[in-house]
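Notes follow the structure.
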Amino acid sequence: MSTPPPRYASWTHGKLPLPELAELKRRDEKIVMVTAYDAPSARIADAAGVDLILVGDSAAMVLLGYDSTVPASMDEMSMLTAAVVRGAKRPIVVADMPFGSFQISDEQALEHAVRFVKEAGADAVKLEGAGPSLSRVRAIVDAGIPVMGHIGLTPQSATALGGFKAQGRTAAQARKLVDDANALQAAGCFALVLEAVPAAVAAEVTRQLSIPTIGIGAGADCDGQVLVWHDLLGLYEGRSPRFVKRYAQVGEEIKRALERYAEEVRTGRFPEEQHTYAMPDEELREFTAEVTAQP
Ligand code: KIV
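Per the numbering used here, the sequence shown runs over residues 1171 to 1465.
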């Protein structure tokens, strides 16, 4: 048996136990989350040692080519989640509940959360907002499904928030964020995403909560960080927000590879002998005789 990494208090082979996240917060060790939308990416994230994979509805923009996250459907998100689950063994897989899948009622929210767990194999779900989302969180948690909250810039309601811009920049808005965070913890969330909020506000939320905060554009004092796969790797053509750090330019690398491929196809340098199949001489002779005998 391999030596357990010292990072986790209760090492088990296989899935990272959910309570480890609170333990990491308690020990002041940072939590790493990344989005992913397919099995190979999930395998790479797993091998790189990330703690959580979020199958974000950002898929609508970075993967499916929409202008916002709103059009993502349950069918699309469920298919992507199932692919990620097949690729990720250790990280906790969180399925993002798309717009329209939880807004109508607690029953509707629970039905879709159950679908993510039962059909797609998700370990947990995430949903945006506080206010009306609180009773959704309670309904889903009561059914035994872990829920991650998400406040600050909530892209599904970007229009109502006045666009994709930072939230909680007045004292009153900051107080509301702190109240919402506490309410989501009380409703049963196991963790909370804080998106595009001032670092000072995120730090105060993180100090007040016992559940971990996962920041994106929320400063260094959150208990963990999340970035969108395509932003982090340089795969997204659109304009990235200021909080994105690019760790690679994979899109450029892919483009260079495709240009070389196209050039080699057009000049006849690909495929080479090593890329083709031969047939036994005797069979080839018979085949050639047959086709040349035809009128
Ligand atoms: O959809 C998503 O990728 C998200 C993250 C940005 C937190 O919600």
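Even for Gly, the Cβ is constructed at its ideal location relative to N, Cα and C.
Treat the numbers as computed from the prediction; the structure is a model and nothing was measured.
Query: Where Leu-1428 falls, given that 16 or more other Cβ within 10 Å makes a residue buried; Result: exposed
Query: C-beta atoms of Gly-1542 and Gly-1387 nearer than 8 Å; Result: No statement about residue 1542 is possible, as the shown extent of the chain runs from 1171 to 1465 and does not include it.
Query: Secondary structure of Glu-1288, DSSP reduced to three states; Result: First, the amino acid is wrong: residue 1288 is Lys here, not Glu. Three-state result, Lys-1288: helix.
Query: Among Pro-1268, Ser-1380, Pro-1465, nearest to Glu-1193 - alpha-carbon criterion; Result: Ser-1380
Query: Under 7 Å, CB to nearest heavy atom of the ligand KIV: contacting residues; Result: Thr-1205, Leu-1224, Gly-1226, Asp-1227, Ser-1228, Thr-1239, Asp-1266, Lys-1296, His-1320, Pro-1325, Val-1363, Glu-1365, Ile-1386, Val-1396, Val-1398
Query: Status (buried if at least 16 other CB within 10 Å, exposed otherwise) for Arg-1305; Result: For the sequence presented, residue 1305 should be read as Ser rather than Arg. Exposed.
Query: Pairwise C-alpha distance: Val-1435 and Met-1171; Result: Interpretation of Met-1171 is limited by its pLDDT of 47, a score under 50 that renders its predicted location unreliable; the figure taken from the coordinates is listed afterwards. Rounded to the nearest angstrom, the two C-alpha atoms are 48 Å apart.
Query: Ordered list of beta strand (DSSP E) runs contained in the stretch 1372-1434, each at least 3 residues; Result: 1383-1386, 1394-1397
Query: First and last residue of the uninterrupted beta strand (DSSP E) at Leu-1362; Result: 1361-1365
Query: Three-pair Cβ contact test at 8 Å for the stretch 1352-1372 versus the stretch 1284-1304; Result: yes
Query: Assumed close pair Ala-1290, Ser-1248 - CB separation to whole angstroms, cut-off 8 Å; Result: 5 Å
Query: Distance, Ala-1292 Cα to Thr-1383 Cα; Result: 20 Å
Query: Classification of Ser-1228 by the beta-carbon crowding that lies within 10 angstroms, buried from 16 upward; Result: buried
Query: Inter-stretch contact (C-beta, 8 Å, three-pair minimum) for the stretch 1199-1219 and the stretch 1407-1415; Result: no
Query: Distance, Leu-1454 Cα to Thr-1462 Cα; Result: 12 Å
Query: Inter-residue Cα distance where the pair is Pro-1187 and Leu-1323; Result: 28 Å
Query: Residue environment, Tyr-1120, which counts as buried when at least 16 other CB atoms sit within 10 Å; Result: In the structure as shown, the chain starts at 1171 and stops at 1465, and residue 1120 therefore has no counterpart that could be examined.
Query: Simplified DSSP state of Val-1204, which is helix, strand or coil; Result: strand
Query: Cβ neighbours of Val-1254 in the same chain (closer than 8 Å, five flanking residues each side left out); Result: Ala-1206, Tyr-1207, Asp-1208, Ala-1209, Ser-1211, Ala-1212, Ile-1223, Val-1225, Val-1263
Query: For Gly-1226, the three-state DSSP class (helix, strand or coil); Result: coil
Query: Straight-line gap, Met-1449 to Glu-1433 (C-alpha atoms, nearest Å); Result: 28 Å
Query: When Met-1244, Val-1307, Ala-1242, Leu-1331 are compared against Leu-1362, the one with the closest alpha-carbon; Result: Val-1307
Query: Helix, strand or coil at Met-1318 according to DSSP, with G and I counted as helix; Result: strand
Query: Host beta strand (DSSP E) of Lys-1296 (start-end); Result: 1294-1296
Query: Cβ-based burial, His-1320 [other Cβ within 10 Å; buried from 16]; Result: buried
Query: Status (buried if at least 16 other CB within 10 Å, exposed otherwise) for Phe-1457; Result: exposed
Query: Meets three-Cβ-pair contact criterion under 8 Å: the stretch 1193-1204 and the stretch 1234-1253; Result: no
Query: Sequence-distant residues of its chain with Cβ nearer than 6 Å to Lys-1296 (five each side left out); Result: Val-1264, Asp-1266, Met-1318, His-1320
Query: Rounded separation between Glu-1190 and Ile-1274 - CA only; Result: 33 Å
Query: Cβ shell of Val-1375 (< 7 Å), same chain only, five flanking positions each side left out; Result: Leu-1347, Val-1348, Ala-1351, Leu-1364, Thr-1383
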